[in-house]
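S.K.: Below is one structure. I have some questions about it.
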RNA sequence: GCCUCUGUGGCGGAACUGGUAUACGCGUACGCUUUAGGAGCGUAUCCCGUAAGGGUUGGAGGUUCAAAUCCUCCCAGAGGCACCA
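Right under this line is the structure:
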């Protein structure tokens, strides 16, 4: 020890981080050999979409939490693969590029560089030899392949549909991307448009998506959300004859209900304005009522309803159709509608139920027609009040109320017993539902049906920045009724050998509001030949939804081609690495003139993933991400995986064995967003305090699944703790003899042994931190390590820079230890173990300290952070002949050390503190020996001896004594 | 409206299956150290009370020897779904 201001009194994060990033890359620390791995563990974090100003601290929070878990698994002996990539293809990136007026291709190059630089800095164990960027042609080639496979397997179709149109993003949106009738991305109100679009038949997997979800090891929050989104409902279709006032039948009308039990209480029927029957019953042409395709009875009905009524009805229908969805909902409880003049006949009791048209009934759900049971449905009740329709009670709720239903509170929907319902009287609701279904089916009036809320996935986008949909349309073939799929004449997939359909660089990439994709203005793109007849044909000019890109990326990571070809590849972050096939290539090569690189690539790659590697590494063992993707990305990924499985391409049907939903970082009480101006950029903090301190701080803010609150002052506190650990470790390292490097096997050789207190505390910490890591309670794990450091500092009793002999009692230092004080109280192997449990949280600092410990590097020169000693063996000085053993290799990195074991014997105290209660209130604590702490008599005896206890027992009779061995004794008086 | 989750000091948060509420950290105050700044070190810090003692986990009840934890109702906040029949 010297008093000189040597480097070790301050942790220099910047220099040390840089040094280890290089060193780790040099030895390929974080690139597991996927082919030979014995215990594969695929630890995946959702890849970010580089849309805006860069990675923010919320991203870093998410990545760090996932990374710590991966590092822990690695120390437990798993071969952990932790990849990273960018989801930079699609509307979010394009919108940002449009906003700042930069071409999306150029923007992608820039954001990739920025993001990868930032992602390097956060200290995650990403395997930088295997990245995936969704906009790279070598990736989206396979996204397009997935599309063609969907088509080939009949899961993809084209249909004219009422779609969600975002007037601001100028594109259609999937149902899942519409939140509160607004665009998920930009927040603008969504309009409805009739457009021809591509769909994936995700509904074909509705039941499987639901059934599988029950057995997934996923955050329940997410499973609940998925279940709700799938929205399975078991009900019944009931068909009613539609009759005139005089009872002449004119048509049939089918209604959907989940509550047929209340059918005796039905007093009206309502259909949506868009219902086909509306058009069948009334036409616009004449101002007189027209009844289409019905019997003579119907013809006679003509005269009974005058033209004015018809006009009124048609007006209402027109008006409803023009309303936006939000208008319809906004009118809310105030029901509107119009009577048709017709009736439905309820077969149960022969009642004629007036038939209305109202826009509270949704055309898109069920059959677009419902049975009005105002006594037992709140909307029906509101409608009945509005139109003065009869209200009948058919259920007696548990409250026993049997009076006529006249107030909304009386409308009871869930439970009770049937009444006024013929054969159902006295039967509980649940039972009655089944009974009624059977009855209706028997009578031939009804048919059991299962419906789902889940809709087919609208996959096409009229935008530029996405994978062109790899389809070709041939008019000639269409006329001849020829095509790849019978149901879709004229349509052909682009042959595999011609994928990718490269997205050309065009300058007029801005979306128009005509619903036509930018590529549609480029003949050189869309003109092609028909794979069927060889004649002239056109390419599809829409691109696919971003969520298709991310629906299969986890399959790609382990198989990224360059790794399968062998040879180590080195990341060059400064050059903003792009793949063999990148934008430069695309820019140079026009679409119609594919470069030789592309053809070469195609020849050598015929499948998107390596089957052996995939079998070994998938499904993903642990997937971490935000809960906001509960029904978007996670549902689509599951669907695509199921489809790939059913086509025989993979042997599992769920992509993620475990899914963990992390919380969000908030600042000043609000979620971070640029609109609120509270976004924190991690770069500045990393520069100021180091990545380790920021990692620790973020994880310390709260439980990982609940998120945390970012505060600058608390960040400084964590930076102080990092310094404290550094000083403590350096002081201990310097107190070991130079000839006394870390020898894990035989601690008796050490000149300094830990005091019993320190040793005990360490083993407790090992246990607790390990348990907390498994549960991802990072905040309490860090607290445990802080407590441990506090104990060590207390034990040392002397300040780091004033090596006064500390007052020690002899028994604190294990026999054989050096008790000259003021130097350190941890044995070198104990220090090593402490560094190991801290390593997942603070990977840089712990590596530096661990290597110093191994090498016994204590003198000024070696202690200099930039000394770089561990990487070489050419240092001068007295230690030169032993230095070869200190060369840094993968296997002696702290991150490849086994997670330390704790000694259960050290967790047990010699004495125990027992809480003494009188009538459940704590009155005292007594300390007894370990052995007697579990013996009732002994504990009771010492408890009664306590003054404070005696005081409270005085003059009272003890009725009962509760004894919890080793913990507590309670006198009941 | 329905579903899920969350309410603990000035603040972020601890408390595994009911068993010593407020660990750990931030902040604050005082002191030591430092040329200064910063940093470091020490002490204190839920509330009332000089003390003995009493009170306290959003609110009100309940179960129990014992409740932050279990049950019922209510209040507040976050997220998801939503005229879904």
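In the numbering used here, the protein residues as written are 908 to 1880.
Built from N, CA and C at the ideal position, the CB exists for glycine as well.
(1) Terminal residues of the continuous alpha helix (DSSP H) containing residue 1345?
(2) Which residues bound the beta strand (DSSP E) around residue 952?
(3) Assuming residue 1328 contacts residue 1356 under a Cβ cut-off of 8 Å, what Cβ separation, rounded to an integer in Å, is found between them?
(4) Please state whether the Cβ-Cβ distance between residue 953 and residue 1536 is less than 8 Å.
(5) For residue 1367, which three-state DSSP category applies?
(6) Between which residues of its own chain and residue 1866 is the CB-CB distance below 7 Å, once the five residues before and five after are set aside?
(7) Taking the beta carbon of residue 969 as the centre, do at least 16 other beta carbons fall within 10 Å, making it buried, or is it exposed?
(8) Which residues mark the beginning and the end of the beta strand (DSSP E) in which residue 1819 is found?
(9) Please state whether DSSP places residue 1372 in a helix, a strand or coil.
(10) Please classify residue 1788 as buried or exposed, where buried requires at least 16 other C-beta atoms within 10 Å of its C-beta.
(11) Using three-state DSSP, classify residue 1358 as helix, strand or coil.
(12) In chain order, what residues of the same chain lie with their CB nearer than 7 Å to the CB of residue 1875, ignoring the 5 residues before and after it?
(13) Look up residue 1010 in the DSSP assignment and say whether it is helix, strand or coil.
(14) Could you tell me which residues DSSP puts in a beta bridge with residue 1071?
(15) Skipping 5 residues on each side, what residues in its chain have a beta carbon closer than 6 Å to that of residue 1930?
(16) Can you grab the Cα-Cα spacing for the pair residue 1749 / residue 1599, in whole Å?
(17) To which residues does DSSP link residue 1144 through a beta bridge?
(18) Based on the DSSP secondary-structure assignment, which residues constitute the bridge partners of residue 1040?
(19) Does the Cβ of residue 1299 have 16 or more other Cβ atoms within 10 Å, making it buried, or fewer, making it exposed?
(20) Using the three-state DSSP reduction, which class does residue 1869 fall into: helix, strand or coil?
(21) Just grab the DSSP bridge partners of residue 1446 for me.
(22) Taking residue 1698 as part of the alpha helix (DSSP H), name the residues at either end of that continuous run.
(23) Spatial neighbours of residue 1550 within its chain, please: CB distance less than 8 Å, with the 5 preceding and 5 following residues excluded, ordered by chain position.
(24) Should the region 1585-1602 be regarded as contacting the region 1095-1105, the criterion being three or more beta carbon pairs within less than 8 Å?
(25) Using 10 angstroms around the beta-carbon of residue 1850, count the other beta-carbons present and answer buried if the total reaches 16, otherwise exposed.
(26) Tell me which same chain residues have a C-beta within less than 6 Å of the C-beta of residue 1839, skipping the five on either side of it?
(27) Can you tell which of 967, 1642, 1038 and 1257 has the C-alpha that lies nearest to the C-alpha of residue 995?
(28) What are the residues that DSSP puts in a beta bridge with residue 1057?
(29) Got a sec? Which residues, its chain only, sit under 6 Å from residue 982 by beta carbon, not counting five neighbours each side?
(30) What's the gap between the Cα of residue 1553 and the Cα of residue 1107?
(31) Roughly how many angstroms separate the alpha carbons of residue 1435 and residue 1386, rounded to a whole number?
(32) To the nearest whole angstrom, what separates the beta carbons of residue 1000 and residue 1372, a pair I think is in contact under 8 Å?
(33) Please return the same chain residues whose Cβ sits closer than 7 Å to the Cβ of residue 1676, not counting the five positions on each side in sequence.
(34) Let me know if residue 1457 comes out buried or exposed under the rule of 16 or more other beta-carbons within 10 Å of its beta-carbon.
(35) Apply the 10 Å Cβ neighbour rule to residue 1121 and answer buried if 16 or more other Cβ atoms are within range, or exposed otherwise.
(36) Straight-line CA distance for residue 1426 to residue 942?
M.R.: For this structure:
(1) 1336-1350
(2) 947-952
(3) Not really, about 22 Å apart at Cβ, beyond 8 Å.
(4) yes
(5) strand
(6) 1879 and 1880
(7) buried
(8) 1818-1825
(9) coil
(10) A caution first: residue 1788 carries a pLDDT of 34, below 50, which makes its placement in the model too unreliable to give a value.
(11) strand
(12) 1821, 1822 and 1824
(13) coil
(14) 1080 and 1099
(15) Only positions 908 to 1880 of the chain appear in this structure, which leaves residue 1930 out of reach.
(16) 5 Å
(17) 1163 and 1354
(18) 993
(19) buried
(20) strand
(21) 1379
(22) 1685-1703
(23) 1056, 1057, 1060, 1062 and 1112
(24) no
(25) buried
(26) 1845
(27) 1038
(28) According to DSSP, which records beta bridges pairwise, residue 1057 is partnered with nothing at all.
(29) 1806
(30) 15 Å
(31) 18 Å
(32) 6 Å
(33) 1688, 1691, 1692 and 1744
(34) buried
(35) exposed
(36) 42 Å
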